[in-house]
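S.K.: As numbered in my numbering, residues 2 to 329 make up the sequence shown, in order.
Note that CB positions come from ideal geometry on N, CA and C, so glycine has one too.
Submitted below is the structure of interest, expressed as structure tokens.
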Amino acid sequence: MPRAFITGITGQDGQHLAEFLHGKGYQVFGMIKGQNNPRAIQLAEEFPYVELIPGDLADLTSLVSALEYAQPDEVYNLGAISFVAISFNQAELTSNITGLGVLRMLEAIRMVGGVQNNPIRFYQASSSEMFGQVRQTPQTELTPFHPRSPYGCAKVFGHNITVNYRESYGIYACSGILFNHEGPRRGLEFVTRKVSNAVARIKLGVQQEIVMGNLDAKRDWGYAGDYVRAMWMMLQQDSPDDYVISTGETHSIEEFLTRAFDEAGLPDWHQFVRQDPRFFRPAEVDLLIGDSSKARKNLGWTPEVDFPSLVTMMVQHDLAIETAKLRK
Ligand code: GDP
Numbered sequence: 002m003p004r005a006f007i008t009g010i011t012g013q014d015g016q017h018l019a020e021f022l023h024g025k026g027y028q029v030f031g032m033i034k035g036q037n038n039p040r041a042i043q044l045a046e047e048f049p050y051v052e053l054i055p056g057d058l059a060d061l062t063s064l065v066s067a068l069e070y071a072q073p074d075e076v077y078n079l080g081a082i083s084f085v086a087i088s089f090n091q092a093e094l095t096s097n098i099t100g101l102g103v104l105r106m107l108e109a110i111r112m113v114g115g116v117q118n119n120p121i122r123f124y125q126a127s128s129s130e131m132f133g134q135v136r137q138t139p140q141t142e143l144t145p146f147h148p149r150s151p152y153g154c155a156k157v158f159g160h161n162i163t164v165n166y167r168e169s170y171g172i173y174a175c176s177g178i179l180f181n182h183e184g185p186r187r188g189l190e191f192v193t194r195k196v197s198n199a200v201a202r203i204k205l206g207v208q209q210e211i212v213m214g215n216l217d218a219k220r221d222w223g224y225a226g227d228y229v230r231a232m233w234m235m236l237q238q239d240s241p242d243d244y245v246i247s248t249g250e251t252h253s254i255e256e257f258l259t260r261a262f263d264e265a266g267l268p269d270w271h272q273f274v275r276q277d278p279r280f281f282r283p284a285e286v287d288l289l290i291g292d293s294s295k296a297r298k299n300l301g302w303t304p305e306v307d308f309p310s311l312v313t314m315m316v317q318h319d320l321a322i323e324t325a326k327l328r329k
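Structure, rendered in structure tokens:
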């Protein structure tokens, strides 16, 4: 039975990946941080097959212990302070966890992988936020980085150190440059889920408006379930490499709003949306659109869920859960 160790197990991608790897016959270990973490209880109920191991990306010793215990064939580093807006207020913490956390994990792999003579394969969750103020459209693996937030800067460090450890120590380490990927498990702080959830609540009469920031930004949004498949595929190749994972389509926040309101059968969104400076960022990423030809060719990966289906999935999911809450 192959063994996988996942950091960020309580997040959207951690959950999708745990499910996917379990389906492939893996024994799945998830790292959980903090004392009495409330998400651990929820996770244990929903994913009884995941064995939780305490550890923290800020603490190298805990990573070494966790790897010694799990003895994984594959490590997926999805753990991060992952919300761009928060990274502006907690820049140092973001750099430590999202950036230096990658270095600590690579060092832990070097120590444990070396001792056990077990060539652990490593996946680093890199991000299209590294492209930031884009130098080239669409963005490929060769597009220069110009991050626009502490989060983006930390991800650039994580990407570079992953490539460096591969080149320096021969670790099988891959960096997946994933464009935004969403779904019903997305946190409510991200714009897609914020909108799908608010639309459901407006439809049911329990919310009157949505307060938002910049509606002109454009993102290449895919479905998280498709994207975790790409992570796994990267670790099954003969040699490690870096890959852009994206749909190749871009849509504005406004387009997302229009479709989401339509899906719920609500009238024009303008009457429900108010903009507030609170939700604007000190520096914005205006346009992201990825060219994933390399992944499509070398890995045979293609996304299955397109933009309209993604919006439908998210709005219908939120309508169902919000309706269920009202019935309680
Ligand atoms: P990001 O691409 O990782 O920053 O993902 P988000 O979902 O947080 O944001 C996507 C885009 O939506 C960014 O350009 C934000 O500025 C924009 N946006 C506009 N209004 C909001 C809002 O109310 N919340 C969030 N999270 N983003 C917003």
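1) Residue 55 bridges to which residues according to DSSP?
2) Say the cut is 7 Å; is the CB of residue 193 nearer than that to a heavy atom of the ligand GDP?
3) At the level of alpha carbons, what is the spacing between residue 25 and residue 122?
4) Taking the Cβ atom as the reference point for each residue, do residue 311 and residue 233 lie within a distance shorter than 8 Å?
5) May I ask you to report which of helix, strand or coil DSSP gives residue 147?
6) Using DSSP with H/G/I as helix, E/B as strand and the rest coil, what is residue 336?
7) When the distance is taken between beta carbons, is residue 58 closer than 8 Å to residue 110?
8) For residue 251, name the three-state secondary structure that DSSP assigns.
9) Using the Cα positions of residue 69 and residue 32, report the straight-line distance between them to the nearest angstrom.
10) Run the proximity test for residue 97: is its beta-carbon closer than 7 Å to any non-hydrogen atom belonging to the ligand GDP?
11) What alpha helix (DSSP H) runs, 4 residues minimum, are completely inside the region 36-90?
12) In its own chain, which residues sit with a C-beta less than 8 Å from the C-beta of residue 268, not counting the 5 before and 5 after it?
13) What ranges does the beta strand (DSSP E) occupy inside the region 205-284, keeping only unbroken runs of at least 3 residues that lie completely in it?
14) Span of the alpha helix (DSSP H) holding residue 328?
15) State the DSSP-derived secondary structure class of residue 288, mapped to helix, strand or coil.
16) Pop quiz: residue 80 and residue 9 are said to be a contact at Cβ under 8 Å. What is the actual Cβ separation, rounded to whole angstroms?
17) Say the cut is 7 Å; is the CB of residue 68 nearer than that to a heavy atom of the ligand GDP?
18) Using C-beta distances below 7 Å, list every residue in its chain close to residue 104, excluding the 5 sequence neighbours before and after it, in chain order.
19) Any idea what DSSP makes of residue 14, helix, strand or coil?
20) Answer with buried or exposed for residue 42, where buried requires no fewer than 16 other C-beta atoms within 10 angstroms of its C-beta.
21) If you draw a straight line from the C-alpha of residue 135 to the C-alpha of residue 147, how long is it?
M.R.: Concretely, from the data shown:
1) 33.
2) For the ligand GDP, at least one heavy atom lies less than 7 Å from the Cβ of residue 193.
3) Computed Cα separation, rounded: 17 Å.
4) For the pair residue 311 and residue 233, the CB atoms are not nearer than the 8 Å cut-off.
5) If DSSP states are grouped into helix, strand and coil, residue 147 belongs with coil.
6) Given a span of 2 to 329 for the chain in the structure shown, any question on residue 336 remains unanswerable.
7) Between residue 110 and residue 58, the CB-CB gap reaches or exceeds 8 Å.
8) It is coil, neither helix nor strand.
9) Looking at the two C-alpha atoms, the distance is approximately 13 Å.
10) Every heavy atom of the ligand GDP is 7 Å or more from the Cβ of residue 97, so no.
11) You should have 39-47, 61-71 and 85-90.
12) Excluding positions up to five away in sequence, the list reads 262.
13) As far as the region 205-284 is concerned, its whole beta strand (DSSP E) runs of at least 3 residues are 211-213, 243-246 and 274-276.
14) Its alpha helix (DSSP H) spans residues 308-328.
15) Residue 288: strand per DSSP, three-state reduction.
16) Separation of the CB atoms of residue 80 and residue 9 is rounded to 4 Å, and the pair is thereby assigned contact status at 8 Å.
17) For residue 68, the distance from the CB to the nearest heavy atom of the ligand GDP is not below 7 Å.
18) For residue 104, where only same-chain residues beyond five positions count, the Cβ hits under 7 Å are 162.
19) Helix, per DSSP.
20) It counts as exposed.
21) Their backbone Cα atoms lie some 7 Å apart in a straight line.
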